[in-house]
Amino acid sequence: MPEAGARPTRFSLIWLIPIIVVAIGAYLGWETISRRGPEITIQFDSADGLTAGQTQVKHKAVGLGTVEGIELSRDLQHVDVRVQMSSRSAPMLTRNAKFWVVRPRLSGASVSGLETLVSGAFIAIDPGRPGAEIGETRFEGLDSPPGVRSDEPGQTFTLMTASLGSLGQGSPVFFRDVQAGEVLGYKLPANGRGPIPVQVFVKHPYDGFLRRDTRFWDVSGLRVDFGGSSGLHLQVESLQALISGGVAFGLPSERRSKQSETAPGGTVFKLYESRQAADTAGYHERVHVVTYLRSSVKGLDAGSPVEMFGIQVGEVTEVKLQIDQNTGDAQVRVAMEVQPERVLSDQEMQGSSILTITQAMVNRGLRAETDTDNLLTGSAMISLSFVPKAQPEKISLEGNAIVLPSQSGGMAGIMDSLSTVSAKLAALPLSQIGDSLSSLLAHADATVASPQLKQALVELNQTLASTNHLVQSADHGLTPFLQRLPQISGQLQKAIDNANGALATYGGNSDFHNSLQRTLDQLSATARSVRSLTDYLNRHPSSLIFGRSNP
């Protein structure tokens, strides 16, 4: 029993305050612990822009952790950044995750990370492809942002090239002048030899346009072309490609695209140095042709065009000087690849043999010759032209290559023609011709100055004067006669008319009648002759002296 006089214990409201504080603290502690994720370590080359307790780790601008500390690595070559991640970041911490520092960055013609000028640098995370085991706590940070994010649709391909040029990470990939992806990077071969593999990423839906026979070409920098037909031609894909380089790809030809399959991710393509080289590689039918030249081939090299009537039909693959050790004879062997698909359809190529077509053209004068491709650069080409009145020749085979007859062309052909003309001129007896001309001129001068010639000219003038006087006298004497001839002709016609009237009244078919009829016909013919003579003498009175001229 309680002692007498003791008061009962009562609960004081003052105890509510510490209880509430403890409850709130416990809740906050539990909330903090429940949201607290694993602690990870990220290795960077430098801690530039990172601050312990402030720098955050973000994904799509959402905070996922905070930098707790920054320490140098044991080898003093890197820095180890300790990051306290949140619990919701745990599924992202796999071996596929990538970390990099976002700061203001100039890459090629693009600028990124400008927002960090105000908010400060932060660490970005890309979770990578799902499916990997979670629980990783140590990562190696990237020096620059990755070209492809795990949530960006598209595919990765490999391009093989002999030289990189200005290509680098972040260089754009174009499709019909639209940026369809970018270059992820490259890796040199282990032995330093052979082509260089370049990784490129093509975004969706552009990756669906790639076929197994799709061709990529380099569009880096500014291209200057001194083509013979187009003149000076400048080409630049874009400002970004001009500064940081770039590659482009196009659709295959329509007759090939229907037969080609879509290229899966990881397909390896060849990177051509120009679009022209890529287009040339698209012709699958190749005819090997060889010709031998004995003139200068300066400016002719592998890759030089082969043209017919100004249209490119192939390209030169090899130019090699050959010398016969026994005879000392020298010639140049030029190997070419002709693409008949440039000018012939599939049906035309299947209709007849290439060898038959070539023999027919050679019979009509087809010859191979060197020609100037560009006067400014001095480049040369092989021209397949038809020589007029050329003798038919039988083509031969050198392995699987067709041997075409050749002739001197271009400047060499002109010089050969000039040499031939010069040789013919040198063979002329110019000294003897000069001596004969000098002797002829001397005799001509003596003849002109002789007194016999002068006397003959005086007599000729006297004869012409006498002839002129005779013509004038004949003209004065004939004038009265010519005036009377029309009157005589009229009287004769009147007599013929009277005789015809008398004969008509006499009638009969006697001998007298017939004889008289014949006489009248002769008189009529005589009258017509007199009339014609009168007209002619009126027009040509001098014909009485000089005779009638031939019509």
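Numbering (our numbering), first residue to last: 658 to 1208.
The C-beta atom is built at its ideal place from N, Cα and C for all residues, glycine as well.
Assign residue i to one of three DSSP states: helix, strand, or coil.
i	result
Asp608	Within the shown structure, residues of the chain are numbered from 658 to 1208, placing residue 608 beyond reach of any answer.
Pro997	helix
Ile1059	strand
Ile681	helix
Arg932	helix
Asp986	coil
Ile1011	helix
Tyr863	helix
Ser743	strand
Ala920	coil
Ser1093	helix
Ala837	strand
Asp737	strand
Asp1168	The predicted position of Asp1168 is uncertain, since its pLDDT is 49 and thus under 50; a value taken from the coordinates is nonetheless stated next. Helix.
Asp870	coil
Thr773	helix
Gly842	strand
Ala992	strand
With 16 as the cutoff for other CB atoms within 10 Å, does residue i come out buried or exposed?
i	result
Asp705	exposed
Trp874	buried
Arg850	exposed
Leu824	buried
Thr1027	buried
Arg1024	buried
Pro909	buried
Asp649	Here the chain comprises residues numbered 658 to 1208, so residue 649 is not present and cannot be evaluated.
Thr937	buried
Ala819	exposed
Leu978	exposed
Gln1089	exposed
Pro675	exposed
Arg834	Rather than Arg, the amino acid found at residue 834 in this sequence is Asp. It is exposed - the Cβ of Asp834 has fewer than 16 other Cβ atoms within 10 Å.
Val775	exposed
Gly722	buried
Thr712	buried
Ile699	buried
Leu1054	exposed
Ser744	exposed
Pro921	exposed
Val925	exposed
Gly832	The residue asked about is misnamed: residue 832 is Phe in this sequence, not Gly. Answer is buried; the Cβ neighbour count reaches 16.
Leu673	exposed
Val830	buried
Ala781	buried
Ser746	buried
Out of the options, point me to the one whose CA is closest to residue i's CA.
i	options	result
Met1038	Gln1089, Pro1045, Arg833 and Leu957	Leu957
Leu928	Leu816, Asp1028 and Ala680	Leu816
Glu998	Gln988, Val855, Ile1011 and Val954	Ile1011
Met742	Pro1049, Gly903, Val719 and Pro1086	Val719
Glu975	Gln969, Val678, His945 and Gln982	His945
Thr708	Ile699, Glu725, Gln700 and Lys717	Glu725
Glu994	Glu972, Lys1051, Leu978 and Asp986	Glu972
Ser1065	Gly1035, Thr1029, Ala1084 and Asp1092	Thr1029
Val1060	Leu1032, Pro1049 and Val947	Val947
Gly923	Lys715, Arg762 and Gln856	Gln856
Phe756	Phe779, Pro1045, Arg745 and Arg762	Phe779
Val917	Val970, Gly792, Leu1054 and Thr871	The question names Val, yet the displayed sequence has Ser at residue 917. Per the Cα distances, Thr871.
Lys1046	Tyr843, Gln988, Gly1022 and Leu721	Gly1022
Phe701	Phe831, Ile727, Ser1036 and Glu1055	Ile727
Pro748	Gly694, Pro1049, Tyr843 and Lys715	Gly694
Gln996	Gln982, Val1019, Met1018 and Val963	Val963
Arg990	Met965, His716, Gly682 and Pro1062	Pro1062
Glu1050	Asn1031, Glu942 and Asn1020	Asn1020
Ala1017	Val758, Lys844 and Gln1048	Gln1048
Arg762	Asn753, Thr773 and Ala754	Thr773
Assuming residue i contacts residue j (C-beta within less than 8 Å), just tell me the rounded distance between them.
i	j	result
Phe858	Gly838	5 Å
Arg868	Thr919	6 Å
Arg739	Glu809	About 30 Å separates the two Cβ atoms, so there is no contact after all.
Pro846	Ile853	7 Å
Val1000	Ile1052	So it is not a contact: roughly 19 Å between Cβ atoms.
Gly785	Thr751	6 Å
Gly827	Val840	7 Å
Gly907	Val876	That pair is no contact at about 11 Å.
Asp783	Ser807	6 Å
Asp864	Gly811	5 Å
Asn848	Ala789	Wrong, their Cβ atoms sit about 33 Å apart, outside the cutoff.
CB of residue i to nearest heavy atom of the ligand SAH: below 7 Å?
i	result
Gln812	The ligand content of the structure shown is nil, which means the ligand SAH is not present either.
Exercise for the section: Report yes or no: do three or more beta-carbon pairs, one from the segment 716–731 and one from the segment 787–798, lie closer than 8 Å? Expected result: Short answer: they don't touch.
Practice task
Tell me, please, whether the segment 924–938 touches the segment 1013–1021 by the rule of three or more beta-carbon pairs shorter than 8 Å.
Solution key: As far as the Cβ criterion goes, the segment 924–938 does not touch the segment 1013–1021, which means the pair count is below three.
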